[in-house]
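A.B. asks: One structure coming up, written as structure tokens, with questions to follow.
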Amino acid sequence: TVIRREDYTAPDYAIDSLALAFDLEPGATRVKSRLAVAPAHEQGSAADVRPLKLDGEALKLVSIALDGQPLAEGRDYRVDDSGLTVTAPPQGSFTLEIETEIDPKGNSELSGLYLSNGIFCTQCEAEGFRRITYFPDRPDVLTRYHVTIRGPKDSCPVLLSNGNLAETGELSDGRHYAVWDDPFPKPSYLFALVAGDLACHEEGFTTHSGREVALRIYVEHGKESRTGWAMDSLKRAMRWDETRFGLEYDLDLFNIVAVSDFNMGAMENKSLNVFNDKYILADPDTATDGDYAGIESVVAHEYFHNWTGNRVTCRDWFQLSLKEGLTVFRDQEFSSDVRSRPVERIQTVRALRARQFPEDAGPLAHPVRPDSYIEINNFYTPTVYEKGAEVIRMLHSLLGEDGFQKGMRLYIERHDGQAATCDDFVAAMADANDVDLEQFKRWYSQAGTPEVEVTGAYDGDSGTYEMTVRQTCPPTPGQPEKQPLQIPFAVGLLDAQGQDIPLALEGEDSGATSATKVLELRESEQRFRFPGVPEPRALSYNRGFSAPVNLKSEQSAEELAFLMAQDSDPFARWEAGQRYALRLLLQAVETLQAGGVPEFDTAFIDAFREILRDPQLDKAFAAEALTLPGESYIGEQMQPLDVDAIHRAREALRRRLAETLTDDLQEVYTVNTVTEAYSPEGEQAAQRALRNTALSYLSALAPEEGAALERLVDHYHAADNMTDRMAPLRLLADIGGEAAEATLQDFHDRYRDNDLVMDKWLALQAVSARPDTLERVKALEEHPVFSLSRPNKVRALIGTFVQANPLRYHAADGSGYRFHADRVLTLDGINSQIAARLLTPLGRWARMGEERQRLMKAELERILSAPDLSRDVYEIASKSLEG
Ligand code: ARG
Ligand code: ZN
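Using the working numbering, you'd call the opening residue of the sequence shown number 261 and step up by one each time.
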């Protein structure tokens, strides 16, 4: 069944409080719940009394009583696959007591209460609470939780839930109990329970107003030495939220638990965040600089949810971006404030283009606030998260930091303790700043990546530059026509020396010029005039990526090379290099397809040399600027997509750069050796990134030759940290041969007991460009570390192959597709959320040539004709096939 946003109705009943008691047993856990139920509507007479509908799934009902009286099935209530309905409750308030039995051990969906490596834990967002007990499992039903946990002392010395610990005590038979009280009303998706034998790293934090908060990070024994960075990140995030947003923590305890089997990255349960341990555990030997950055940002993200998500939650799941888009924006701002802002922006845009733009251009395109869904878990998407964050960022650009913070204060003042909507958020921004944001709201309702085209003309007589800007948005499923959007579009003009020309629009005070002008687009075509300017040498637009759009404008190679060398806006400077590279790569693809040998502009290579030689340049920025667009992104620009030609073209350009710039690359490689002890922070990480980028080019030189191989192997063995070990190994895995095999084996033997590092080992083999990669992936499925029921393993091996290795996934004989569909079908019987997520690459068929289209569609049809398909996989497969 399709759930529609327009069908929303407020709940019939409020739950005034909820008492839960768990008797933990791996195969048969008993859950007793006591709900204080009150009608949410005026009940003039018995005729106004409505049935009470409770959600429930995979539950065994043990007993149910209303105001102490047992209810009879058929007479008083009915049960089906999706829940329990008390057909004729009494008028007024009443108490409902329900006992259910659940099977955490057999819960391979990892939704509800399950076991991860012997630890009881929960995942309730979005609809997992209904797999624990019968309850109105919807985010607009908020209540106070009072939770008793009883369990064995030996295997579960630690018993945790949300809020404050009220009581602990001993029971008979080696069992004990703990009682937790959460003073903040919350929806069921924020409930959490953890029980197990866990180690704890505790520190303290004093909030701005003087509250002493205990911070505890729980992990499996033996892993506590790897929690330092997460703890440090948490403290910095807490301080940052106070200073930048004026938001303070609101309880005396903040717990994080890291588990190894988890469907997503992490979960913001009130005062008891549960994490995939990949986003907690780090030390120099086992985590890369990228892993450290990821931990910092996910720890912050989940913490920030305490206000944007928990204190103010979502009315219904269509509003998911209300909390996710906003919280991603907040975690991006945190990273930008503590790291390099330009580099963060570049990486965000790279990821947006790699994941969100394709989604927005494909069969699964949906608005930031979707209009309908079959399975809500399918909507935890790059569009809701990352495009949602871009929408918030545009509001920030339009209102400025002060205006935005004014809007935030009003939003929280109005909605604290409530379940709100995206419209509520925009209304707070509009009201606090006295502006009209009606047109802006289209960003929430229209899917698709807008296209913006700019043309310019300089009138020498009047000294006026005139810019014509057009916007369009391609059709997406269910939305054939689009309306113009309000777009903040940042532009600059550069003079012949590369200096910014001060700009003021016609009619604006000419004293109020600025180097970057944010144009406010509202119509499908608009003209902007800048009087009193010299003739510009180059035009710089969408500076800072001020709007998530595709630029259609043609710029000459000379203009791009100039911007690449001169633009004062670091993002635009990087972008010019990417566009220039993209152009060369697409030309090279055509040449290769025609049987020719590609050639590359020397101007581009010269620009690369300038970057390599510029001592002033931030090294992390240089590493980004020296990285060519990825194969998937190149593929997005062509139809039909030719994976082989793309791979060969990119390799040819890499080799050409390496051949021409060998000495410079070698110099960069040598001088950027880090000699101090490892630190994950800025300066050092930037040096490693630049050095490893140089290494990558040097390995393209003559990979089969001894010297190049030797450098890679030496780099690997000399490494004293995971970043430097992974970089050469990744390159070796692409080259293959004896040296590669021996090094992969060494890596395996070194880290065989570390689950997270073994995920890296799986992934770098799955992404390899070697022709036998699929065979290798299949062989690795037999390795003891691999298991289809462990999401991190599935993502590392199968996910990497189908999502990050277009060259081998799109094998002409369809073997990649067949393998893919087979695994999706098997997984669907184990964990349908993971199966559905894994499936999306098959939906890209429309971009491929005819034969591959046929093969991909056949696999989608095969999936759809399988019996007992989950809602999750059915929704993705059927929408993917519609195209
Ligand atoms: N709210 C969590 C996070 O961002 C994601 C949990 C989603 N879980 C799911 N099963 N869909 O930050
Ligand atoms: Zn989130």
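C-beta atoms are modelled at their ideal positions from N, C-alpha and C, and glycine is treated no differently.
Would you mind stating whether TYR394 and PHE451 have Cβ atoms separated by less than 8 angstroms?
C.D. replies: Not closer than 8 angstroms, so no.
A.B. asks: Any heavy atom of ligand 2 inside 7 angstroms of the beta-carbon of GLU584?
C.D. replies: Yes, ligand 2 has a heavy atom inside 7 angstroms of this Cβ.
A.B. asks: So if DSSP puts LYS225 in a beta bridge, which residue, or which two residues, is it bridged to?
C.D. replies: Here the chain comprises residues numbered 261 to 1143, so residue 225 is not present and cannot be evaluated.
A.B. asks: Could you tell me whether the Cβ atoms of ALA946 and ALA883 are closer together than 8 angstroms?
C.D. replies: Yes. Within cutoff.
A.B. asks: State the CB to CB distance for the pair PHE864 and LEU842, rounded to an integer number of angstroms; the pair is presumed to be in contact (CB under 8 angstroms).
C.D. replies: 11 angstroms between Cβ atoms; not a contact.
A.B. asks: Would you mind stating whether LEU475 and PHE514 have Cβ atoms separated by less than 8 angstroms?
C.D. replies: Cβ distance < 8 angstroms, so LEU475 and PHE514 count as in contact.
A.B. asks: Can you grab the Cα-Cα spacing for the pair GLU604 / SER596, in whole Å?
C.D. replies: Cα to Cα, GLU604 sits roughly 6 angstroms from SER596.
A.B. asks: Assign SER722 to buried or exposed, taking buried as 16 or more other Cβ atoms, counted over all protein chains shown, within 10 Å of its Cβ.
C.D. replies: Looking at its Cβ environment, which holds fewer than 16 other Cβ atoms inside 10 Å, SER722 is exposed.
A.B. asks: Taking Cβ to Cβ, would you say MET982 is nearer than 8 angstroms to THR548?
C.D. replies: Cβ distance < 8 angstroms, so MET982 and THR548 count as in contact.
A.B. asks: Ligand 1 and TYR640: does any heavy atom of the ligand fall closer than 7 angstroms to the residue's C-beta?
C.D. replies: True, at least one ligand heavy atom lies under 7 angstroms from that Cβ.
A.B. asks: Express the C-alpha separation of GLN897 and PHE805 in angstroms, rounding to a whole number.
C.D. replies: Taking the straight line joining both Cα atoms gives about 19 angstroms.
A.B. asks: Quick check: does the Cβ of GLU528 come within less than 7 angstroms of any heavy atom belonging to ligand 2?
C.D. replies: Correct: GLU528 has its Cβ closer than 7 angstroms to ligand 2.
A.B. asks: What did DSSP end up calling GLU361 once you bin it into helix, strand or coil?
C.D. replies: GLU361 falls in the strand class under three-state DSSP.
A.B. asks: In whole angstroms, give me the CA-to-CA distance for PHE831 and TYR552.
C.D. replies: Approximately 23 angstroms, taken between the alpha carbons.
A.B. asks: Under the criterion of a Cβ to heavy atom distance below 7 angstroms, does THR587 qualify as lining ligand 2?
C.D. replies: Checking the Cβ of THR587 against ligand 2 gives yes.
A.B. asks: Candidates SER368, ASP442, ASP591: which alpha carbon is nearest LEU402's?
C.D. replies: The shortest C-alpha separation from LEU402 is found at ASP442.
A.B. asks: Could you pull out every residue in the same chain whose Cβ sits closer than 7 angstroms to the Cβ of ASP283, ignoring the five residues on either side in sequence?
C.D. replies: Here the set comprises THR289, ARG290, ARG410.
A.B. asks: One question on the structure: do ILE275 and PRO396 come within less than 8 angstroms of each other, judged by their Cβ atoms?
C.D. replies: The answer is yes: Cβ separation under 8 angstroms.
A.B. asks: Cutting at 7 angstroms between CB atoms, please list the residues of its own chain near ARG1131, excluding the five before and the five after it.
C.D. replies: Once the five neighbours on either side are set aside, the close Cβ partners of ARG1131 are ILE634, GLU635.
A.B. asks: Looking at LEU754: is its Cβ nearer than 8 angstroms to the Cβ of ALA798?
C.D. replies: Going by C-beta atoms, LEU754 is nearer than 8 angstroms to ALA798.
A.B. asks: Going by the DSSP bridge assignment, what does PHE282 pair with across the sheet?
C.D. replies: Paired residue(s): VAL291, ILE409.
A.B. asks: Whose C-beta lies closer than 6 angstroms to the C-beta of THR851 among residues of the same chain, with five residues either side of it excluded?
C.D. replies: Cβ neighbours of THR851 beyond the five flanking positions: PRO858.
A.B. asks: Contact between the segment 1095-1114 and the segment 708-727: three or more CB pairs below 8 angstroms?
C.D. replies: Verdict: no, contact absent.
A.B. asks: When every heavy atom of ligand 1 is checked, does at least one fall within less than 7 angstroms of the C-beta of GLU698?
C.D. replies: Checking every heavy atom of ligand 1 against the Cβ of GLU698, none is found closer than 7 angstroms.
A.B. asks: Quick one: what's got a C-beta closer than 6 angstroms to LEU969's C-beta in the same chain, skipping five residues either side?
C.D. replies: Cβ within range, chain order: ALA999.
A.B. asks: What do you reckon, are the CB atoms on ALA807 and ILE747 nearer than 8 angstroms?
C.D. replies: Contact: yes.
A.B. asks: Starting from the Cα of LEU532, find the closest Cα among GLU819, PHE465, ARG833, ASN570 and give me that residue.
C.D. replies: The residue with the shortest Cα to Cα distance from LEU532 is ASN570.
A.B. asks: Output yes or no for whether 8 angstroms exceeds the beta carbon distance between ALA1126 and LEU1099.
C.D. replies: Cβ distance not < 8 angstroms, so ALA1126 and LEU1099 don't count as in contact.
A.B. asks: Whole-angstrom Cβ separation of HIS907 and LEU1067, contact assumed at under 8 angstroms?
C.D. replies: Right, the Cβ-Cβ distance comes to about 5 angstroms (below 8 angstroms), so this counts as a contact.
A.B. asks: Return the CA-CA distance between LEU278 and TYR337, expressed in angstroms with no decimal places.
C.D. replies: Cα-Cα distance, rounded: 20 angstroms.
A.B. asks: Report the rounded CA-to-CA distance for GLU768 versus VAL903, giving the unit in angstroms.
C.D. replies: Taking the straight line from one Cα to the other gives about 50 angstroms.
A.B. asks: Could you check what DSSP says for LEU1004 in three-state terms: helix, strand or coil?
C.D. replies: Three-state DSSP puts LEU1004 in a helix.
A.B. asks: DSSP puts ILE379 in a beta bridge; with which residues?
C.D. replies: ILE379 pairs with SER376.
A.B. asks: Quick one: using the 10 Å Cβ neighbour count with 16 as the cut-off for buried, is ALA993 buried or exposed?
C.D. replies: It counts as buried.
A.B. asks: Please confirm whether ALA300 and PRO271 have their CB atoms less than 8 angstroms apart.
C.D. replies: Cβ distance < 8 angstroms, so ALA300 and PRO271 count as in contact.
A.B. asks: Just mark ASN1065 as buried or exposed, buried being the case when its beta carbon has 16 or more other beta carbons within 10 Å.
C.D. replies: Buried, since its Cβ has 16 or more Cβ neighbours within 10 Å.
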